[in-house]
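Everything in the sequence shown is counted per this note's numbering, starting at 38 for the first residue and increasing by one. Scroll down for the structure; my scribbles are underneath it.
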Amino acid sequence: MIENTQTETRPSIYGLTRDQLIEWAQENGEKKFRATQVWDWLYRKRVQSFEEMTNLSQAFIAKLNENFIINPLQQVVVQESEDGTVKYLFMLPDKVMIETVLMRQAYGLSVCVTTQVGCNMGCTFCASGILKKERDVTAGEIVSQIMLVQKYFDERGLDERVSHIVVMGIGEPFDNYEHLMNFLRVINDDNGLAIGARHITVSTCGFMPKKIKEFAHENLQVNLAISLHAPNNALRTSLMRITRNAPLEKLFEAIDYYTETTNRRVTYEYIMLSGENDSPEIAQQLADLIKPRNKLSYVNLIPYNPVAEHIKYERSTKNDTTKFYDVLKKNGINCVVRQEHGTDIDAACGQLRSKQIKKNKANIA
Ligand code: SAH
Numbered sequence: 038m039i040e041n042t043q044t045e046t047r048p049s050i051y052g053l054t055r056d057q058l059i060e061w062a063q064e065n066g067e068k069k070f071r072a073t074q075v076w077d078w079l080y081r082k083r084v085q086s087f088e089e090m091t092n093l094s095q096a097f098i099a100k101l102n103e104n105f106i107i108n109p110l111q112q113v114v115v116q117e118s119e120d121g122t123v124k125y126l127f128m129l130p131d132k133v134m135i136e137t138v139l140m141r142q143a144y145g146l147s148v149c150v151t152t153q154v155g156c157n158m159g160c161t162f163c164a165s166g167i168l169k170k171e172r173d174v175t176a177g178e179i180v181s182q183i184m185l186v187q188k189y190f191d192e193r194g195l196d197e198r199v200s201h202i203v204v205m206g207i208g209e210p211f212d213n214y215e216h217l218m219n220f221l222r223v224i225n226d227d228n229g230l231a232i233g234a235r236h237i238t239v240s241t242c243g244f245m246p247k248k249i250k251e252f253a254h255e256n257l258q259v260n261l262a263i264s265l266h267a268p269n270n271a272l273r274t275s276l277m278r279i280t281r282n283a284p285l286e287k288l289f290e291a292i293d294y295y296t297e298t299t300n301r302r303v304t305y306e307y308i309m310l311s312g313e314n315d316s317p318e319i320a321q322q323l324a325d326l327i328k329p330r331n332k333l334s335y336v337n338l339i340p341y342n343p344v345a346e347h348i349k350y351e352r353s354t355k356n357d358t359t360k361f362y363d364v365l366k367k368n369g370i371n372c373v374v375r376q377e378h379g380t381d382i383d384a385a386c387g388q389l390r391s392k393q394i395k396k397n398k399a400n401i402a
């Protein structure tokens with residue numbers, strides 16, 4: 038068995054928003070501008086230790102060290118794909134593992150972050166849910182994923198910035214709402230990483246429609262994606278058991294509230310699963326569901342990344358995908374067939390992590 042030798046109890050300072058950092062500094066007898074200096078060291082200069090913050094007093098550095106660490110993640114595996122996708126496996130202080138994916142897009146560097154260690158949503162096609170949730174990933178640990186990917190570029194002298202974020206890694210972000218919100222506010226802060234809200238997408242399976250309503254009032258221009266995958270409750274329940282508690286009527290009531298409140302467009306993720314959800318009849322049902330909301334909707338048809346443990350599911354053929362797409366188009370639905378990245382390096386959610394954990398178990402056995 039792997040020993041759990043966790044001794045680190047200090048949280049990562051990356052988990053604090055700028056306002057929270059200022060408040061903490063003031064509570065500890067420091068002026069506001071000292072906190073903004075720390076913020077600058079963390080996100081502009083991107084130092085890895087408090088000692089490198091040379092314009093702070095020794096006493097303040099000691100205080101920071103007493104209360105916080107900077108980076109809580111350790112890099113375990115890095116895999117680079119032929120198309121430039123990079124997959125990172127990180128170990129957290131309590132020895133659990135998470136994965137992060139970097140995708141090179143025409144518009145810049147996009148990072149896919151993990152929000153929970155494992156997942157309890159139980160979607161039948163997904164690799165993440167094979168390992169149940171052990172704990173939430175803290176805001177600081179989510180920010181760190183981006184900082185380490187950025188470091189990977191900084192260290193190679195590459196003048197490239199992480200410019201886009203998708204919250205689509207392992208876990209259900211709305212099941213870890215407080216940490217998610219802190220993470221979003223940290224990376225979006227103009228004085229730090231300044232990743233534009235319009236360049237950030239949060240994806241949810243919609244298990245708690247009331248969270249979608251709450252999200253509408255956060256005053257952030259972040260994009261919302263809904264993992265839909267089926268246009269009726271029976272089919273959706275067979276793929277996503279959370280539909281039982283959050284049927285489509287409730288989900289769409291919340292989505293309609295969100296679009297009315299924010300006037301922002303919602304993206305619908307739709308994985309194409311051969312023989313399951315990819316017939317022209319189902320396409321018509323999907324079109325009927327989206328049509329009244331079409332002005333603020335966008336449907337992404339996604340090629341399925343096969344998962345060894347879920348042999349039941351196969352990727353839809355090109356022909357079926359085209360037919361499905363044509364039905365949506367004929368109905369005037371805004372939609373696109375999405376390109377895939379990193380299939381050769383297990384980039385589907387949770388694949389690298391579950392392989393590594395199996396390998397560890399095999400080595401130990
Ligand atoms: N829990 C959140 C975010 C993580 S999943 C959510 O459900 O949205 C991110 C996206 O990847 C979801 O749309 C999910 O359905 C999809 N996904 C999961 N497994 C996949 C696979 N094997 N191939 C393609 N997409 C997958």
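All residues carry an ideal CB built from backbone N, CA and C; glycine is no exception. Only a predicted model underlies this, so the values are computations on that prediction, with no experimental measurement involved.
| Item | Value |
| --- | --- |
| Chain D within 8 Å of GLU313, Cβ atoms only | Absent from the structure: chain D. Only one protein chain is present. |
| Distance between LEU185 and MET140 (C-alpha atoms, nearest Å) | 14 Å |
| Separation of THR280 from GLU290, as counted between CA atoms | 14 Å |
| Residues near GLN142 in its chain [Cβ-Cβ closer than 8 Å; skip 5 each side] | HIS201 |
| GLY369 versus HIS347, ILE327, THR137, THR299, residue with shortest Cα-Cα distance | ILE327 |
| Proximal residues to CYS372 (C-beta, below 8 Å), its chain only, five neighbours per side dropped | TYR335, VAL336, ASN337, LEU338, TYR362, LEU365, LYS366 |
| Those residues which DSSP pairs with THR238 across a bridge | VAL203, ASN260 |
| For VAL123, three-class secondary structure by DSSP | strand |
| Residues near THR44 in its chain [Cβ-Cβ closer than 6 Å; skip 5 each side] | none |
| The region 47 to 57 / the region 177 to 192 touching (three or more Cβ pairs under 8 Å) | yes |
| Delimiting residues of the alpha helix (DSSP H) encompassing THR296 | 285 to 299 |
| Beta carbon of PHE252 nearer than 8 Å to that of LEU265 | no |
| Collapsed DSSP secondary structure at LEU129 in the structure displayed | coil |
| Buried or exposed by the 16-neighbour rule on C-beta atoms within 10 Å, applied to ASP315 | buried |
| Residue interval of the beta strand (DSSP E) (run including ASN337) | 334 to 340 |
| Cα-Cα separation between ALA283 and ASN256, rounded to whole angstroms | 25 Å |
| Run of the beta strand (DSSP E) containing TYR307, from where it starts to where it stops | 303 to 309 |
| Supposed contact pair THR354 and SER311 - C-beta distance, whole angstroms, cut 8 Å | 7 Å |
| First through last residue of the alpha helix (DSSP H) which encompasses GLU251 | 246 to 253 |
| Bridge-paired residues (DSSP) for GLY145 | GLN142 |
| Contact check, TYR350 vs GLU306, beta carbons under 8 Å | no |
| Buried/exposed call for PHE97, threshold 16 Cβ in 10 Å | buried |
| Neighbour-count burial assignment, LEU53, 16 or more Cβ in a 10 Å radius | buried |
| Whole-Å CB distance - VAL199 paired with LEU146, under 8 Å assumed | 5 Å |
| Sufficient close CB pairs (3 or more, under 8 Å) joining the region 131 to 138 to the region 213 to 230 | no |
| Cut-off 8 Å between Cβ atoms - residues of its own chain near TYR295, not counting five sequence neighbours on either side | ILE249, LYS250, PHE252, ALA253, LEU261, ARG301, VAL303 |
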